[in-house]
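In order, the protein sequences belong to chains A and B.
Quick note on numbering: our numbering labels position 90 of the first sequence as 90, and the sequence is numbered without any gaps.
Positions in the second sequence are counted from 1; adding 340 to them yields our numbering.
All residues carry an ideal CB built from backbone N, CA and C; glycine is no exception.
Number of protein chains: 2
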Amino acid sequence: MKRKHVGRQTVVMERPVYWTGAYSIGCTREKEGPLSPYFDEIAPDARWGEESFEKAEQKFFRTAAEKAIAKAGRHKNEMDFLIGGDLLNQIISASFSARELSIPFFGIYGACSSMAESMTLGSMLVDGGFAEHIICATSSHFATAERQFRMPLELGTPQTPTSQNTATAAGAAVLSRQAQSERDARICAATVGNVVDLGVTDSTNMGAAMAPAAAETILTHLEERGYRPGDYDAIITGDLGTLGSELLLDLSRQCGVELAGVHQDCGVMIYKGMKGMHCGGSGCGCGASTLAGYYWRQLRSGKIHHILFVATGALLSPTSVMQGESIPCIAHAVEIEGGR
Amino acid sequence: MKRKHVGRQTVVMERPVYWTGAYSIGCTREKEGPLSPYFDEIAPDARWGEESFEKAEQKFFRTAAEKAIAKAGRHKNEMDFLIGGDLLNQIISASFSARELSIPFFGIYGACSSMAESMTLGSMLVDGGFAEHIICATSSHFATAERQFRMPLELGTPQTPTSQNTATAAGAAVLSRQAQSERDARICAATVGNVVDLGVTDSTNMGAAMAPAAAETILTHLEERGYRPGDYDAIITGDLGTLGSELLLDLSRQCGVELAGVHQDCGVMIYKGMKGMHCGGSGCGCGASTLAGYYWRQLRSGKIHHILFVATGALLSPTSVMQGESIPCIAHAVEIEGGR
C-alpha cells in the first residue's frame, strides 16, 4: 500500500477520488456580485417561501445536496454517506436536511472550514473503500447567523469596518470512487488543520483571527507535499476577506513564501465592488458555493488545473467571547486536480 | 480488497482496529452511582478549579484525551487526528481542547451520539491507512447543558418525570493500527445512523424521541451483519434512560426482535438507585465515560467478549424547539470484540 500519511498533517489518496457532482446556490446579494453567473441557482429572497430564516437555510442545504446528486447522475439512495455541517447551534440546517434526505449522516462542525473538513473526511472514506459515493454539503445564511452570533437585525446595529457579511448560500459536492466523465476533477490530497490561536479577541475581525490558521495549513501543505506556490493555479482561502488576505500574505512572506499572484479568497471575490460589504463575505456557504460554482466550472472547462481549497473556521461561540476567550481557528486544505 | 460496505448502513473493517487506550472521568453525582469504581478519575466538583463551568468542561475533555493517550503508552504527537465534539454551541469544549492538544482536529456534532460517531469515523480512517493512532473524545456537563438548553440553574425550575440528568463526565478512546497488548479490544464494524423523527416535540422527553433511532440502527445492524441479539454479550445504548429503554424494547419486539436480557443502557446504569435522577443520565459524557470506564474494564478482563455500543443523539436546538419543530434523532453503532 502506498504511504497515505505524509508528514504530520497531510494525507495523500492512494487512488484519485473523483468530484462527480456539484451544486451552488446564492441569494439576492450574491446575485449582485461578480460571481453571479457561476451559481447554479439564485434563491428569490432570504426566506425562499419558508416560515423562518432557519427553515430557509435548511432549504438551501437540502436543495444543494439533492441537486448535486442529480448533477452527478445519481440517486440519493446511491449515496453511502452525507457529511455536512453549518454555523447554526446544533448544526440544525444539516441535521434537519439529513432527516429529509435519509442518507446515513455524519454531522461535523468546523465553522467556515466545514466544506473542506467534509471533503477531507469524504475523500478518505472513499479512498479507504468504505463508500462509492459521498455527498458533502454546507450552508450559511446572513439572517440566521446575525441572529445567533451578533445582534437582532431589527436593531440596525452598524457594522465595524473589519466585519464580513455572512453569505446566504450553500454548496455541495459528490465524491465518487469512479469517474462519471473524463472532465471530473480529482481530490489528490488533503492537509488537516491544527487549531491555531494568536490571541485575537475581536469577534468582529474574523479575517485577522483566521489568517494565521490559513498560513499554518498552507505552509505545512506546501512543505509536506514538496510543492511551491507556483505549482498551483490558485490557492483559494474560504473567507479571510480583504484584511485577512493581506495578513495571510504578510505572514507567509515572513516565512519566506510568496503567495501573491496565486492566492485568491472567496470572501473577497463574492461581493467584489459592492458597497457596504466591508471586508467581504464569510460563512460556510461563501467558500462552499464559490468552490462548487465558480471553481467547479473553471476546473471542468480546463481553464485551471490544480488548486488548493483552504477553508478556514473561527471556532468561537458567543459564550466563549463573553467569557473573554480569544478565538481559536482552524484551516483544512483540499488539493484538487482538473480532469483530462 | 475485502468488501467493506455491507448493506446500506454498515461498514466492516478489513483488519481489526485496536482500542489501545481509554480514560473516563466523572464528577460528584457520578461518584454516588454504582459505576463509581469504574471511572479512572472523579473531579472534586463541577468547577474543577476553573472560572466557569464551560472551562471546567474543557478540562474534562482535555484531561480524558491526554490520559487516554498516556494509558495507550503514547505521546500526543503520535496521534494523527483528534476526532471529537460535545453538546455546547460551536462545540467549544472540543475546539478549545484541540487548541491545547495541538493534534490535527476534526470537529463533529452528533449530540449524545458523538462518541460512536467519532469512533466510527476514527476506525475507518485507521483501517483506510490514513492514521496509526486516533484519539476520540467527548464530554458533557450538567451545568453547561442546563444553561444552554434549558433554564438557568438559579431559577430552581422543577424537572419533569421524563427528564434525564446530563452527566458531568468525559470519555476518550485511542484507536490504533497495531495492538499494544493482547488484551486490546478491536473495532470490527460500525453501523452509521440515518436521522429518524417520529414527531416527538417534547424536549424534556429525549428518551422517547431517541428510542426509534436506536431501534432502527440496532435492527439494521443485526440484519446487515447477519447476527441475532444473542450473538452479543451486551447491546449498549448511550442514554435512552428508563422510559426510552422500555420504548426501544417495545419497538424492537414489534419488529420481531427481542432485546430484553442483552440490552443495557448507560443512562440507566450511571445513576441507578439514586434519588431525583428521574429517567437517568444523558449527555455525550454519559455513554462515553461508561464505555471508556466500565465496559473497557469488562472487555479487558474477559468478562464480556462482544458488544455493540449504540450512542443516540437528539439533534434538536433551542431554536428549532421554539419554532415548533419535532426532534430528529440519530444512532450510530460500533461493534467491539474483546482481546485474547
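Interface annotation for the segment 439-451 of chain B against chain A: R439, E440, L441, S442, I443, P444, F445, F446, G447, I448, Y449, G450, A451, criterion Cβ-Cβ distance under 9 Å. Against chain B, the CB of A208(A) has no partner CB under 8 Å away; the residue lies outside that interface. Per DSSP, the beta bridge partners of A190(A) are V11(A), V334(A).
Distances from the alpha-carbon of Y38(A) to those of A190(A), E30(A), A215(A) put E30(A) closest.
Along the length of the segment 263-326 of chain A, whole beta strand (DSSP E) runs at least 3 residues long occupy 263-265, 306-314, reported in chain order. In the DSSP assignment, T560(B) falls within the unbroken alpha helix (DSSP H) covering 546-565. Its Cα nearest to that of P498(B), the residue M617(B) stands out among G347(B), C606(B), M617(B), S629(B). Within chain A, no residue has its beta carbon less than 7 Å from that of E675(B); the closest one is some 15 Å off.
Its Cα nearest to that of D573(B), the residue Q638(B) stands out among Q638(B), T502(B), E391(B), S392(B). Excluding sequence positions up to five before and after L495(B), its CB lies less than 6 Å from no other CB in the same chain. Look at G469(B): its C-beta is under 8 Å from a C-beta on chain A. When 7 Å is used as the limit between beta carbons, S95(A) is near these residues of chain B: V535, L655, P668, in chain order. For Y23(A), the three-state secondary structure derived from DSSP is strand. Within the segment 96-144 of chain A, the complete beta strand (DSSP E) segments at least 3 residues long are 105-107, 133-140, listed from N- to C-terminus. The Cβ of N205(A) sits no closer than 8 Å to any Cβ of chain B.
Under the DSSP definition of a beta bridge, C669(B) partners with V536(B), A654(B). Under the three-state reduction of DSSP, E586(B) is assigned to helix. The straight-line gap separating the alpha-carbon atoms of S435(B) and N429(B) is approximately 11 Å. Counting other Cβ atoms within 10 Å of its Cβ, L247(A) reaches 16 or more and is therefore classed as buried.
Of the residues assessed, K615(B) falls on the exposed side of the cut-off, its CB having fewer than 16 other CB atoms within 10 angstroms. Restricting attention to T237(A), G21(A), E32(A), Y271(A), the CA atom closest to the CA of H263(A) is found in T237(A).
Around R183(A), the same chain offers R300, G339, R340 as residues with beta carbons nearer than 7 Å, after the five sequence neighbours per side are excluded.
Y358(B) has its alpha-carbon roughly 6 Å from the corresponding atom of A519(B).
Rounded to whole angstroms, the separation of the alpha carbons of E556(B) and P384(B) is 39 Å. In this chain, the beta strand (DSSP E) harbouring F421(B) covers 421-426. Across the structure, E381(B) and A72(A) are spaced so that their CA atoms are roughly 50 Å apart. In this structure G285(A) is buried. Its beta-carbon is surrounded by 16 or more other beta-carbon atoms within 10 angstroms. In chain order, D420, G469, F470, A471, E472 make up the part of chain B whose C-beta sits under 9 Å from the C-beta of H5(A). Inter-segment contact for the segment 302-311 of chain A and the segment 195-203 of chain A is absent: fewer than three beta-carbon pairs are separated by less than 8 Å. Here S516(B) carries a strand assignment [DSSP, helix/strand/coil]. Residues of chain A with a Cβ closer than 7 Å to the Cβ of G425(B) are, in chain order, Y109. In terms of beta-carbon proximity, L648(B) stays away from the interface with chain A, with every pair separated by 8 Å or more. The way I'd put it, the segment 588-595 of chain B doesn't touch the segment 486-495 of chain B; fewer than three beta-carbon pairs between them come closer than 8 Å. Beta-bridge partners of T506(B) (DSSP): S622(B).
Counted as a single uninterrupted DSSP element, the stretch harbouring A574(B) is not any alpha helix (DSSP H) but the beta strand (DSSP E) occupying residues 574-577. Classified as exposed, S521(B) has fewer than 16 neighbouring CB atoms from the shown chains inside 10 Å of its CB.
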